[in-house]
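*Asks:* When you line the sequence shown up against our numbering, it's residues 269 to 519, in that order. Take this structure, written in structure tokens, and hold onto it; I'll ask about it next.
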Amino acid sequence: MTEPVFSLKDIIVTVGDNIQILKSLNLDIYEGDFITVLGTNGAGKSTLFNTIAGNLSIDSGQLLHHGHSIAHDSAVTRTNYIARVFQDPKMGTAPRMTVAENLLLAEKRGQKRTLRNRGLTKEKLNEYAKITQVMGNNLDTRLNTATGNLSGGQRQALSFLMATRVKPELLLLDEHTAALDPKTSEQLMLATNEQVTKNQLTALMITHNLADALKYGNRLIILNAGDIVLDVRGQNKSDLNEADILKYFIA
269 MTEPVFSLKD
279 IIVTVGDNIQ
289 ILKSLNLDIY
299 EGDFITVLGT
309 NGAGKSTLFN
319 TIAGNLSIDS
329 GQLLHHGHSI
339 AHDSAVTRTN
349 YIARVFQDPK
359 MGTAPRMTVA
369 ENLLLAEKRG
379 QKRTLRNRGL
389 TKEKLNEYAK
399 ITQVMGNNLD
409 TRLNTATGNL
419 SGGQRQALSF
429 LMATRVKPEL
439 LLLDEHTAAL
449 DPKTSEQLML
459 ATNEQVTKNQ
469 LTALMITHNL
479 ADALKYGNRL
489 IILNAGDIVL
499 DVRGQNKSDL
509 NEADILKYFI
519 A
């Protein structure tokens, strides 16, 4: 197996009144991994994402990117190689900008962001029509619509497209379908899987949907009380069923 893209080694994170959330957690993330992340409320899932993204500092341990420590890199610096889609469709997009303008802005990740002259040529709009069409929710017909006027599903689809417009080294999907109705959630999940697989993205996806956790991805991890209690991939993951998973949720 090749060297991991990201490594978390003996990570300890405390919050608030000295409450330890992550407890000597270890995780290696390899290029092309699509890891579904399960765990009860308070298990440390969001803390794990916030730690990787730079929104929380570690108390001890090592957080490595290609073997180099990023523990002191700011969250802004980490956006050069980490992208995130949040549960709330309102996060990750600029509501007063159009769909096309948001996509143009996303192309500036890692660069000085400017929309001088907008840059929205006919060719660019045709390009955006093609990439939004794959989401299957008529987003391609709303390129000139202010993002704040989109449906929740369309806005979340746009957030996903923005996060992957410039291929990140790691994509964090933070319960990105949880706030949507079942039909829209399933539609976005299918589109997500297609794009992650087609573009060989490296991704972690928090979900509370056991069926999705088993169906999607090549790897599954379960957190409990701030540590990883199960980490399976390939055939070992395929052999799991919901009953196997539920055993880890029994107090």
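Where a beta carbon is used, it is the ideal one built from N, C-alpha and C, also for glycine. Bear in mind that the values here come from a model prediction, so they are computed numbers and not experimental data.
Where in the region 271 to 335 do unbroken runs of the beta strand (DSSP E), each at least 3 residues long, occur, reported from the N-terminal end onward?
*Replies:* As far as the region 271 to 335 is concerned, its whole beta strand (DSSP E) runs of at least 3 residues are 274 to 283, 287 to 297, 302 to 307, 328 to 333.
*Asks:* Determine the DSSP secondary structure at Leu514, reduced to helix, strand or coil.
*Replies:* Correct three-state label for Leu514: helix.
*Asks:* May I have the straight-line CA-CA distance separating Val305 from Ile496, to the nearest angstrom?
*Replies:* Using only the alpha carbons, I get a separation of about 10 Å.
*Asks:* If we ignore side chains and look at the alpha-carbon of each, how far apart do Leu290 and Phe317 end up?
*Replies:* If you take the alpha carbons of Leu290 and Phe317, they lie about 11 Å apart.
*Asks:* Do Leu276 and Leu331 have their C-beta atoms closer together than 8 Å?
*Replies:* Closer than 8 Å, so yes.
*Asks:* What is the residue span of the alpha helix (DSSP H) that Asp499 lies within?
*Replies:* Note, Asp499: premise wrong, no alpha helix (DSSP H); beta strand (DSSP E) at 495 to 501.
*Asks:* Where do the N-terminal and C-terminal ends of the beta strand (DSSP E) with Ile474 fall, by residue?
*Replies:* Note, Ile474: beta strand (DSSP E), 471 to 474.
*Asks:* Would you kindly check if the distance between the Cβ of Leu472 and the Cβ of Leu440 is under 8 Å?
*Replies:* Cβ distance < 8 Å, so Leu440 and Leu472 count as in contact.
*Asks:* Could you check how far apart the C-beta atoms of Glu443 and Gln355 are, in whole angstroms? I think they sit under 8 Å.
*Replies:* About 4 Å separates the two Cβ atoms, so the contact holds.
*Asks:* Indicate the three-state DSSP secondary structure (helix, strand or coil) for Val367 in the structure shown.
*Replies:* Correct three-state label for Val367: helix.
*Asks:* Return yes when the Cβ of Leu411 is within less than 8 Å of the Cβ of Ala479, no when it is not.
*Replies:* Taking 8 Å as the Cβ cut-off, Ala479 and Leu411 do not qualify as a contacting pair.
*Asks:* Taking buried to mean at least 16 other C-beta atoms within 10 Å of its own C-beta, is Asp449 buried or exposed?
*Replies:* Exposed: under 16 other Cβ atoms inside 10 Å.
*Asks:* Can you tell which of Thr361, Gly494, Leu482 has the C-alpha that lies nearest to the C-alpha of Glu510?
*Replies:* For Glu510, the nearest C-alpha among the options comes from Leu482.
*Asks:* Are Ala374 and Met457 touching if we call contact CB-CB under 8 Å?
*Replies:* No, the pair does not count as a contact, with Cβ atoms beyond the cut-off.
*Asks:* Report the partner residues of Arg227 according to the DSSP bridge assignment.
*Replies:* The question about residue 227 has no answer, for the chain in this structure spans 269 to 519.
*Asks:* Taking the continuous alpha helix (DSSP H) assigned at Ala397, which residues delimit it?
*Replies:* Ala397 -> alpha helix (DSSP H) spans 390 to 401.
*Asks:* Out of Val500, Ile490, Gly335, Thr270, which one is the CA nearest neighbour of Tyr516?
*Replies:* Minimum Cα distance to Tyr516 is reached at Ile490.
*Asks:* Between Glu271 and Tyr349, is the Cβ-Cβ spacing less than 8 Å?
*Replies:* The answer is no: Cβ separation not under 8 Å.
*Asks:* Pick helix, strand or coil for Leu448, following the three-state DSSP scheme.
*Replies:* Leu448: coil per DSSP, three-state reduction.
*Asks:* Enumerate in chain order the residues of its own chain whose CB-to-CB distance from Arg346 is below 7 Å, with the five nearest sequence positions on each side excluded.
*Replies:* Same-chain partners within the cutoff: Ala321, Gly322, Ile338.
*Asks:* Secondary structure at Leu411, three-state DSSP: helix, strand or coil?
*Replies:* Note: Leu411 maps to coil in three-state DSSP.
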